[in-house]
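S.K.: Below is one structure. I have some questions about it.
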Ligand code: IVH
């Protein structure tokens, strides 16, 4: 979604469209989270979507959709389990993200109940990060267990829940209502989670992203024997339908649940007023790393149940409770090494190797450092203690260095000057087309660097380069893996491998025949495609056309490139004089042809081909020798097409209007260039008039 506009600035139409988009997005995330146990975004990002939805709805209450995410809890249950209607809906809690939000919660409660100065008593309970379940007991016997589902109807997972040792099949003690739905959280401890994932990894099965997803996936198994093998645990903290009241306060209720054989969270406390709420939050935050299971916040509940009754609910959440969420979890660990990974385009990415550490229940051993500039910005050094944060649920990031703990003698990281590929070719800092340096560093090994070979070959056969039919990514991968393709020239020697090709699965006479014919068809090639196909950085299609026209023949081109690589002033000047060619192209060409393996590859390729002479600029057309400027929006041609066409007809295309300009082609929206043209008395044509002139 595009960056959010402030809610007060939204028009009603914008609000409608954003609410629709938010409803769709949240529904899709709900399905991934609740049904597939595989969320695509972090909880924080998900919360942000819900919050935005709520803010827009608060400003436009008449736009609240019938299926609004704010009126819904969780997602529809999966078809795999039968439906169970909860005796009382399983609702959710609103979130608080700050001390202010917490104070506001207390104030709201007091306002609603019209209370005086006396501080309100609350329970503060750790918010267990698992999945909630509802257990129905009749006469003390467990008769049914269900997931939350959409809050009203859940999934019947009775047999699975029965396998949990912490769920009593028969209530202990006495005094329980004849019918009671006990609610609580099914979760997995960190150690159990790690062991489960390790077993799965060894067996080649999918691993879970975090303990919560692992718990959900483990509970929602068709075969309860699988659930039985997973060490799921359970904390009780609430109830749904009851045939008779059994407590006066939440605190008393928790102690009853415990007496009946459930585990309740030992960190739960009874507190008073805002100070009590905030203090409990700090305490829980401090306990969090030592619990051995995930908690993602603190749940506050008004202790008195008669007050809870009076406070009641607003749409999906109780007025008597709120969840104060923790910010993204951070951890400290040691940076053991910085490795360099080479991407398929030759970009070098530094990766931090860390002493394994658990962040939010996931063991993290690597983090990306993005690029050399990021390393410099953080001034992170091998041996440093670093603060790690999991952004979203997946990619861990290093946010800062604990300078006080830097070991003596730790040296700033030196970015490698050569690629870790077999060639040890120089690493160059990437520049943009205008010559500005970027943060990216690349291996200059090009085709010879094994990391880059595939990307280069893909470019070589692409539609605008050699355009070889039947030779796509899939074939390239197969052929490179077998060692038949190490450079583009090998493509034109594939016919020697006809017998081997026929042995590959699904490569019949026809397909091999077509492939080889497709290759033969390109053995004769235009010079501009040849140049473009080499994949020299900054030599795009248009530049390749200009160079082809400028040099005319492949021999002239190759000779000029050798001279440019040798920094021959005359050759550089000649290239520089070509239309729209500047420093970035010259540097890239020089670097490319200075590498022996690149030169060898190009010569090898040339030996396989017949490269056609480029069309000489025309002199017998209406626009030959004229300087043309295109401005405004063109409607029948793209800017590139118009330019290529003009150049083909011998015109020179320029970006600015001057006394030397002969023709300005102006489309809708043309501005200052049109004005300058009028002032200088330059001929102005519409796109249609231009096309008529050039006979397009
Ligand atoms: S009370 C009407 N107590 O947080 C709300 N929920 O967003 C009843 N949770 O669905 C829930 N620990 O999955 C409650 N001590 C606790 C909790 C807790 C975790 C989860 C639960 C619930 C969600 C609310």
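Residue numbers (the working numbering): 1431 to 2126. Here a beta-carbon is modelled for each residue, glycine too, at the ideal position from N, C-alpha and C.
Would you say the beta carbon of residue 1714 is closer than 8 angstroms to some non-hydrogen atom of the ligand IVH?
M.R.: no
S.K.: Would the C-beta of residue 1522 count as close to the ligand IVH, meaning under 8 angstroms from any of its heavy atoms?
M.R.: Residue 1522: yes, Cβ under 8 angstroms from the ligand IVH.
S.K.: In the DSSP assignment, find the beta strand (DSSP E) that holds residue 1612 and state where it starts and stops.
M.R.: 1609 to 1617
S.K.: Do you know how far the Cα of residue 1460 is from the Cα of residue 1492?
M.R.: 24 angstroms
S.K.: Quick one: grab the DSSP three-state call for residue 1801.
M.R.: Correct three-state label for residue 1801: coil.
S.K.: If you measure between the beta carbons of residue 1767 and residue 1789, is that distance less than 9 angstroms?
M.R.: Contact annotation: residue 1767 and residue 1789 have beta-carbon atoms that are not nearer than 9 angstroms.
S.K.: Compute the Euclidean distance between the alpha carbons of residue 2014 and residue 1968, then round it to the nearest angstrom.
M.R.: 7 angstroms
S.K.: Are residue 1646 and residue 1561 touching if we call contact CB-CB under 9 angstroms?
M.R.: yes
S.K.: Drop a sphere of 10 angstroms on the beta-carbon of residue 1963, count the other beta-carbons inside from all chains shown, and report buried for 16 or more, exposed for fewer.
M.R.: With 16 or more Cβ atoms within 10 Å of its Cβ, residue 1963 is classed as buried.
S.K.: Is it true that the CB of residue 1959 sits closer than 9 angstroms to the CB of residue 2077?
M.R.: At a Cβ-Cβ threshold of 9 angstroms, residue 2077 and residue 1959 do not count as neighbours.
S.K.: Which stretch, first to last residue, makes up the alpha helix (DSSP H) that contains residue 1689?
M.R.: 1680 to 1689
S.K.: With DSSP run on the structure shown, which of helix, strand or coil describes residue 1584?
M.R.: strand
S.K.: For the ligand IVH, is there a heavy atom less than 8 angstroms away from the beta-carbon of residue 1555?
M.R.: yes
S.K.: Tell me which residue opens and which closes the alpha helix (DSSP H) that residue 1883 is part of.
M.R.: 1880 to 1891
S.K.: Apart from the five residues on each side of it in sequence, which residues of its chain come closer than 6 angstroms, Cβ to Cβ, to residue 2120?
M.R.: Around residue 2120, the same chain offers 2095 as residues with beta carbons nearer than 6 angstroms, after the five sequence neighbours per side are excluded.
S.K.: For the alpha helix (DSSP H) containing residue 1706, name the first residue and the last one.
M.R.: 1703 to 1717
S.K.: Is the beta carbon of residue 1573 within less than 8 angstroms of some heavy atom of the ligand IVH?
M.R.: Incorrect: residue 1573 has no Cβ contact closer than 8 angstroms to the ligand IVH.
S.K.: Hey, how far is the Cα of residue 1512 from the Cα of residue 1681?
M.R.: In this structure, the alpha-carbon of residue 1512 lies about 34 angstroms from that of residue 1681.
S.K.: Secondary structure at residue 1841, three-state DSSP: helix, strand or coil?
M.R.: coil
S.K.: Between the stretch 1645 to 1659 and the stretch 1582 to 1594, do three or more beta carbon pairs fall short of 8 angstroms?
M.R.: yes
S.K.: Is any heavy atom in the ligand IVH found nearer than 8 angstroms to the beta carbon of residue 1696?
M.R.: no
S.K.: Please specify which runs of the beta strand (DSSP E), each continuous and at least 3 residues long, are wholly inside the stretch 1745 to 1778, giving them in chain order.
M.R.: 1751 to 1755, 1760 to 1772
S.K.: In three-state DSSP terms, what is residue 1575?
M.R.: strand
S.K.: Give every residue of the same chain whose Cβ lies closer than 6 angstroms to the Cβ of residue 1954, excluding the five residues on either side of it in the sequence, and list them in chain order.
M.R.: 2040
S.K.: Check each candidate in 1690, 1904, 1912, 1806 and name the one with the smallest Cα separation from residue 1569.
M.R.: 1690
S.K.: Considering only residues of the same chain and omitting the five flanking positions on each side of residue 1803, which have a CB-CB separation below 6 angstroms?
M.R.: 1869
S.K.: Select from 2019, 1885, 2092, 1631 the residue whose C-alpha is nearest the C-alpha of residue 2053.
M.R.: 2092
S.K.: Please give the ranges of any beta strand (DSSP E) in the stretch 1433 to 1459, keeping only runs that are unbroken, at least 3 residues long and fully inside the region.
M.R.: none
S.K.: Distance check for residue 1854 and residue 1871, CA to CA, integer angstroms please.
M.R.: Straight through space, the alpha carbons of residue 1854 and residue 1871 are spaced by roughly 14 angstroms.
S.K.: Does the beta-carbon of residue 1823 have 16 or more other beta-carbons within 10 angstroms, so that it is buried, or is it exposed?
M.R.: Because residue 1823 carries a pLDDT of 44, less than 50, the predicted location of this residue cannot be relied on, and no value is offered for it.
S.K.: Taking residue 2082 as part of the beta strand (DSSP E), name the residues at either end of that continuous run.
M.R.: 2082 to 2084
S.K.: Check this for me: beta carbons of residue 2046 and residue 1982, under 9 angstroms apart or not?
M.R.: In this structure, residue 1982 lies closer than 9 angstroms to residue 2046 by Cβ.
S.K.: Within the same chain, show all residues whose beta-carbon is closer than 6 angstroms to that of residue 2123, passing over the 5 residues directly before and after it, in chain order.
M.R.: 2052
S.K.: Looking at residue 1909: is its Cβ nearer than 9 angstroms to the Cβ of residue 1924?
M.R.: Contact flag set, yes.
S.K.: Among 2111, 1948, 1732, 1440, whose alpha-carbon lies nearest the alpha-carbon of residue 1704?
M.R.: Residue 1732 is the option with its Cα nearest to residue 1704.
S.K.: Within the present structure, is the beta-carbon of residue 1699 separated from the nearest heavy atom of the ligand IVH by less than 8 angstroms?
M.R.: no
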